[in-house]
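Residue numbers for the sequence shown follow numbering that gives the first Met the number 0, beginning at 0 and rising by one.
Here's the structure we're looking at; comments come further down.
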Amino acid sequence: MKKIEIWDVIIWVSLLVLIGYVIAKLTGLINTPEWINLIPIITLIFFAGAFYQKVLGFMEIMNHRTSYLKNNLDKAINKLEEHDEILFTLTKTKK
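Shown next as structure tokens:
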């Protein structure tokens with residue numbers, strides 16, 4: 000089972016609140032003070048913050064993967080260079 004992160008929960012809750020607010024406002028259920036009109040802005044801020052955290056997490060994972068690939072590629076290059084040196088010395092001694 001996949002681990003549920005807090006950022007996923009924040010994203011979905013903020014989207015549900017925003018959708019609920021828009022539907023209630025359009026149907027006329029919400030006729031309240033001005034601070035209630037700030038709910039969409041507040042939920043968008045939470046959504047943006049959670050999305051930013053998700054993007055940073057994804058970038059960290061990709062950085063780890065590319066570093067792993069780079070290290071393995073460097074090891075392969077070193078092995079090839081060592082092999083080339085061995086072949087070069089063998090061909091030199093045969094002449």
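Built from N, CA and C at the ideal position, the CB exists for glycine as well.
- Excluding five sequence positions before and after residue 10, the CB atoms of its chain that fall closer than 7 Å to its own CB belong to 46, 49, 50, given in chain order.
- For residue 78, the enclosing alpha helix (DSSP H) covers residues 38-93.
- In this chain, the alpha helix (DSSP H) harbouring residue 24 covers 5-26.
- Three or more Cβ pairs drawn from the stretch 11-18 and the stretch 34-46 lie within less than 8 Å of each other, which places the two stretches in contact.
- When secondary structure is reduced to three states using DSSP, residue 35 falls in the helix class.
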